[in-house]
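Sequential numbering from 43 applies to the sequence shown in the numbering used here.
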Amino acid sequence: MVLYMISFFQLPKGVLDRLDYFRSRFFWQGDSERKKYRLAKWSVVCRPKDQGGLCIHDLEVKNRALLGKWLFKLLTEHGVWTLLRRKYVGSKAVSQVYWKPGDSHFWAGLMATKKIFFRYGSFSIKDGSEIRFWEDKWLGNATLR
C-alpha cells in the first residue's frame, strides 16, 4: 500500500529524509537508557546483497522510477490515459508540456520526473505516425527548430 502511494506523488526531500531516518533506526541497537550504536553504515545497508548489503532501496530513486512508470503509461497506453493526455497535453508533445498552478499533485510529480525520463529514455519511431519531426528532440537536448 505504501509503495503504491509513493508511486503517485513526488515526495518532498524532507519526507524522504524522515523516512530514511526511521528506516535506519531499525538497524540501531540500544534503548532510552543505554547508548545507541549502529550495526552498519546506512550506505552499506543499502548496497545490493551481492555487495554485502541488505538491498534497502533509495526511496528518492524508487519514487522517481515509479513516477516514470506512470509517465511511460501516459505515453504508450490508451483508455483513461487518453483523458489525461487530452486534459493536460492537448495537441502538444508531452516533452513540451509543463506543470502550472492548479494542476494535480500527480501531474506535478510526472512533470518533475519528465526531465530525467526523457534524458535517459530511448524511443523507437515505428511507423512515424506520432513523431513530430521539428519538435521532438533527436540528438542531445534540443529540437531541430
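For every residue, glycine included, the Cβ atom is placed at its ideal position computed from N, Cα and C.
Excluding the five sequence neighbours on either side, which residues of its own chain have a C-beta within less than 8 Å of the C-beta of residue i, listed in chain order?
| i | result |
| --- | --- |
| THR185 | TRP176, GLU177, ASP178 and LYS179 |
What are the partner residues of residue i, as DSSP defines its beta bridges?
| i | result |
| --- | --- |
| ARG80 | TRP70 |
| ARG181 | The question names Arg, yet the displayed sequence has Leu at residue 181. Paired residues: ALA184. |
Here's a check: name, in chain order, each residue in its chain whose Cβ is nearer than 6 Å to the Cβ of residue i, leaving out the five neighbours to either side.
| i | result |
| --- | --- |
| SER49 | LEU108 |
| GLY110 | THR155 and PHE159 |
| ARG89 | GLY95 |
| SER137 | PHE160 |
Where residue i and residue j are concerned, what is the direct C-alpha to C-alpha distance, given to the nearest angstrom?
| i | j | result |
| --- | --- | --- |
| LEU81 | PHE148 | 38 Å |
| LYS55 | LEU61 | 10 Å |
| SER146 | ARG76 | 47 Å |
| ARG65 | LYS91 | 17 Å |
| ARG67 | GLN93 | 22 Å |
| SER85 | ASP100 | 10 Å |
| TYR162 | PHE69 | 34 Å |
| GLY132 | VAL87 | 45 Å |
Would you kindly check if the distance between the Cβ of residue j and the Cβ of residue i is under 7 Å?
| i | j | result |
| --- | --- | --- |
| ALA135 | TRP141 | no |
| LEU45 | ASN105 | no |
| LEU116 | TRP123 | yes |
### Task
Report the residue ranges of all beta strand (DSSP E) runs contained in full by the stretch 134-185; include only those spanning at least 3 residues, in chain order.
179-181
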